[in-house]
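Oh and the sequence shown: position 392 is 392 in UniProt numbering, straight run, nothing missing. Since the structure comes first, as structure tokens, the remarks are kept for the end.
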Amino acid sequence: MEPLCPNFDLLKSSSVPLFSHRLSSINRGISKRSSASFPCVSSYNRNCNPQASVKTEAPTQQQPTGHDLIKSLTKGFVGFAAAATALASVCSDSPAFAESLTVAFPVSRAQEVNTVQRTLVEAWGLIRETFVDPTFNHQDWDLKLQQTMVEMFPLKSADAAYGKIRGMLSTLGDPFTRIISPKEYQSFRIGSDGNLQGVGLFITVEPKTGHLVVLSCVEGSPAARAGIHDGDELIEINGQRLDGVDSEAAAQRLRGKAGTSVTVKLHRGNGSGSGSSIKEVKLPRELIRLSPISSTVIPHRTPDGRLTKTGYVKLSTFSQTAATEMKNTIHEMENLGVQSYILDLRNNPGGLVKVGLDVAKIWLDGNETLVNTVDRDGHMSPINMANGHALTHDPLVVLVNEGSASASEILAGALHDNGRAILVGHKTFGKGKIQSITELHDGSALFVTVAKYLSPALHDIDQVGITPDVQCTTEMLNSPKETLKGKSWVSSLEADSCIMVAEHELDIQESKGTAS
């Protein structure tokens, strides 16, 4: 791996210090407008600090396959993600980068702003080489760097400078392409590992409105106990409006030391309709353990009177351990004599995409296509299994709803389109874009939408979602928690209308002998 720019130049001026960066054209011309004209007296070179290097893949002439992309970018993908074009360094001596030029910008005298200026160039370069829209929302991206650097120059604080980067990224028109601070990134990594201190909310930006909405609540968490539902819109946190705040920044405000509290204001309903309401609630922060798997065996009597066992598996998030825990759960249930399965992906907001693909492999045989990726140039690449062997061939129903997003949709699409499962529930969230994550030199992280994905049957999911084969009602899911007091978990599941529909579909599969 090479640093973002092996020759990071600083140019001195008699009046204003200059920030210089060598840009590679990558087989296309660079607008001369990207070169700011400031007087320059002398210059000197210095190597980048190794700690400032960005983990990127070296560019090659050969078009990578979808499987290669997933493999090479595994550590940089989240939720909502799958595969993309290999990342290319902004500065490179590769023959593929035929031209280069030096662009000079004024260097801030405030050290903390100067550091963020370098972060700006890193972020700009990664966007330039990997962002899914090669028109950058129909704007001159080289000129955008110049404008943002000049706007950043007079600032005095790092926070204000980061604000300029966020403003630059917002012009791309993609709420999922964003930068988070070093502190936010550390919290994000802790959450991906499965534990955090907070209130138990999964939130996201609704692409059509830009509003922050609740995807789901961790079962038993402070948010769940307070009656917060998926679809609720977050308006304020501790009295501060959330207009223009991205999901990770909002999540950072919700997190905090266990034993403290946070006040949130939410909007529920559809606009000005009679069912619309504003709710404010004070939530205690607790240690939230994000165990990805919960399971049980549901006794089921078939139409012909036989008593069978249905394995119920709830997958709540695609954390690092989810696939391994899924394998262990299936092995245990097979040993218990389970004859059919219900995989519950309701209110699962996604997570690590490679984990989602690994979970799909547990249920599938052969060389099936798991997902198709489409890069910025429109090239589609299938990601296929390689001589897979399913752990079970028992009938399978997958439950989905509006809170099933990203990796959940990839998994549901893979199992459905390959004829392995029936989908029951409600239309999914509809996030079919792929993000890579790159840690920048100052510890911040850049999320970039690098591609989109299609299901194995080439269905576009983004902002559309997946419509299940069979709909079900959700009265029990939205009923007061008090109605379930005194009941076992199995009894509660048996009262879930979607579980009942799923069991009926399993009976139909068994009667037709269609277990795959």
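Quick reminder that beta carbons are idealized off the backbone N, C-alpha and C, glycines included. If you're wondering where the values come from, they're calculated on a predicted model, not measured in any experiment.
With DSSP collapsed to three states, give me the class of Gln320.
Here residue 320 corresponds to residue number 320 of the sequence shown, with the count starting at 1. In the structure shown, Gln320 sits in coil (DSSP, three-state: anything other than H, G, I, E or B).
Paired residues, beta bridge with Val297 - DSSP
Here the question's residue 297 lines up with position 297 in the sequence shown. Bridge partners of Val297: Gly311.
Would Val116 and Ile180 be called neighbours here (beta carbons separated by less than 9 Å)?
Within the sequence shown, residue 116 is the residue found at index 116, counting from 1. Within the sequence shown, residue 180 is the residue found at index 180, counting from 1. With respect to Ile180, Val116 sits apart: the two C-beta atoms are not nearer than 9 Å.
Helix, strand or coil, according to DSSP, for Pro106 in the structure here?
By 1-based counting over the sequence shown, the position of residue 106 is 106. In the structure shown, Pro106 sits in a strand (DSSP, three-state: E or B).
Taking only the alpha-carbon atoms, compute the straight-line gap between Val281 and Leu506 and give it to the nearest angstrom.
Here the question's residue 281 lines up with position 281 in the sequence shown. Here the question's residue 506 lines up with position 506 in the sequence shown. Taking the straight line from one Cα to the other gives about 41 Å.
Consider the C-beta atom of Gly430 and the heavy atoms of the ligand GDP; say whether any pair is separated by less than 8 Å.
Of ligands this structure carries none, so the ligand GDP is not represented either.
For the beta strand (DSSP E) that contains Thr171, what are its first and last residues?
Here residue 171 corresponds to residue number 171 of the sequence shown, with the count starting at 1. Segment: none, Thr171 is in no beta strand (DSSP E) and carries neither H nor E.
Would you tell me roughly how many angstroms separate the C-alpha atoms of Asp344 and Glu510, rounded to the nearest one?
Counting from 1 along the sequence shown, the entry for residue 344 is found at position 344. Counting from 1 along the sequence shown, the entry for residue 510 is found at position 510. Using only the alpha carbons, I get a separation of about 20 Å.
For Ser247, collect the residues of the same chain with a Cβ closer than 7 Å to its Cβ; drop the 5 residues on either side in sequence, then sort them by chain order.
Within the sequence shown, the letter at position 247 stands for residue 247. Within the same chain, Ser247 has close Cβ partners Ile203, Thr204, Val205 and Leu212.
Closer than 8 Å is the cut-off here; do at least three beta carbon pairs connect the region 358-367 with the region 428-435?
The region 428-435 and the region 358-367 do not touch, with fewer than three beta-carbon pairs separated by less than 8 Å.
Below 8 Å on the Cβ atoms is my guess for Pro292 versus Ala322; work out the distance and round it to an integer in Å.
Start at 1 with the first residue of the sequence shown, and residue 292 comes out as number 292. Start at 1 with the first residue of the sequence shown, and residue 322 comes out as number 322. At roughly 4 Å, the Cβ-Cβ gap stays under 8 Å, so Pro292 and Ala322 are in contact.
CB of Ala502 within 9 Å of CB of Ile342, strictly:
In the sequence shown, the residue the question calls residue 502 occupies position 502. In the sequence shown, the residue the question calls residue 342 occupies position 342. Against a cut-off of 9 Å, the Cβ pair of Ile342 and Ala502 comes out as a contact.
If you draw a straight line from the C-alpha of Gly239 to the C-alpha of Gln252, how long is it?
Mapped onto the sequence shown, residue 239 falls at position 239. Mapped onto the sequence shown, residue 252 falls at position 252. Each residue's Cα considered, the two are about 15 Å apart.
Looking at C-beta atoms only, is the number of pairs between the region 134-144 and the region 158-175 that lie closer than 8 Å three or more?
yes
Tell whether a beta-carbon distance below 9 Å holds between Lys256 and Val264.
Here residue 256 refers to the residue found at position 256 of the sequence shown. Here residue 264 refers to the residue found at position 264 of the sequence shown. The sequence shown places Gly at residue 256, not Lys. Not a contact, by the Cβ cut-off of 9 Å.
Quick one: give me the first and last residue of the alpha helix (DSSP H) that residue 524 is part of.
Limits of the chain in this structure are 1 at one end and 516 at the other, which puts residue 524 out of reach.
Less than 6 Å between C-beta atoms, sequence neighbours within five positions excluded: which residues of the same chain meet that for Asp304?
Residue mapping note: residue 304 aligns to position 304 of the sequence shown, counting from 1. Same-chain partners within the cutoff: there are none.
Does Arg255 come out as helix, strand or coil in the three-state DSSP assignment?
On the sequence shown, position 255 is the one that residue 255 refers to. Three-state result, Arg255: coil.
If you count every other CB in all the chains shown that lies within 10 Å of the CB of His379, and 16 or more means buried, which is it?
If you number the sequence shown from 1, residue 379 lands on position 379. His379 is exposed by the Cβ-count criterion.
Looking at the structure shown, is Ala226 part of a helix, part of a strand, or coil, going by DSSP?
Here residue 226 is taken as the residue at index 226 of the sequence shown, counted from 1. In this structure, Ala226 counts as coil in the three-state DSSP scheme.
Going by C-alpha distance, which of Cys498, His504, Glu494 and Lys512 is nearest Val297?
The sequence position of residue 297 within the sequence shown is 297, counting from 1. That would be Glu494, whose Cα lies nearest to the Cα of Val297.
Just to check my reading of the structure: Ala224 and Gly200 have Cβ atoms closer than 8 Å, yes? What is that Cβ distance to the nearest angstrom?
The residue labelled residue 224 in the question sits at position 224 within the sequence shown. The residue labelled residue 200 in the question sits at position 200 within the sequence shown. So it is a contact: roughly 6 Å between Cβ atoms.
With burial defined as no fewer than 16 other Cβ atoms inside 10 Å of the residue's Cβ, what is the status of Ile499: buried or exposed?
Translated into the one-based positions of the sequence shown, residue 499 becomes position 499. Looking at its Cβ environment, which holds 16 or more other Cβ atoms inside 10 Å, Ile499 is buried.
Can you give me the start and stop residues for the beta strand (DSSP E) that Cys498 sits inside?
One-based indexing of the sequence shown puts residue 498 at position 498. Unbroken run through Cys498 is the alpha helix (DSSP H), Ser497 to Lys512; no beta strand (DSSP E).
Host alpha helix (DSSP H) of Met152 (start-end)
Residue numbering aside, residue 152 sits at position 152 when the sequence shown is read from its first letter. Here the alpha helix (DSSP H) through Met152 covers Trp141 to Met152.
Exposure label - Glu402; buried when at least 16 CB within 10 Å:
The count along the sequence shown starts at 1 and reaches residue 402 at position 402. The residue is buried, with at least 16 neighbouring Cβ atoms inside 10 Å.
First and last residue of the alpha helix (DSSP H) that includes Thr130?
Mapped onto the sequence shown, residue 130 falls at position 130. Looking at the DSSP string, the run of the alpha helix (DSSP H) that includes Thr130 is Gln111 to Thr130.
Rounded to the nearest angstrom, what separates Pro249 and Glu184 at their Cα positions?
On the sequence shown, residue 249 is found 249 positions in, with the first residue counted as 1. On the sequence shown, residue 184 is found 184 positions in, with the first residue counted as 1. The sequence shown places Ala at residue 249, not Pro. Whole-angstrom Cα-Cα distance: 7 Å.
Where does Ala158 sit, in a helix, a strand or coil, going by DSSP?
The sequence position of residue 158 within the sequence shown is 158, counting from 1. It is helical.
Roughly how many angstroms separate the alpha carbons of His504 and Gln339, rounded to a whole number?
Counted from its first residue, the sequence shown places residue 504 at position 504. Counted from its first residue, the sequence shown places residue 339 at position 339. The straight-line gap from Cα to Cα measures roughly 14 Å.
Would you identify the three-state DSSP class for Lys279, choosing helix, strand or coil?
Indexing the sequence shown from 1 puts residue 279 at position 279. The answer is strand: DSSP assigns Lys279 an E or B state.
Three CB pairs or more closer than 8 Å across the region 391-409 and the region 455-473:
yes
State the beta-bridge partners of Leu266 as determined by DSSP.
By one-based count along the sequence shown, residue 266 stands at place 266. DSSP output for Leu266 lists Leu234 and Lys279 as bridge partner(s).
Would you mind working out which of Thr119, Asn328, Asn114 and Glu236 sits nearest Gly443, comparing C-alpha positions?
Reading the sequence shown from its first residue, position 443 is the one you call residue 443. Selected option, being the one with the closest Cα: Thr119.
What is the rounded straight-line gap between the Cα of Ser108 and the Cα of Leu196?
On the sequence shown, residue 108 is found 108 positions in, with the first residue counted as 1. On the sequence shown, residue 196 is found 196 positions in, with the first residue counted as 1. Rounded to the nearest angstrom, the two C-alpha atoms are 37 Å apart.
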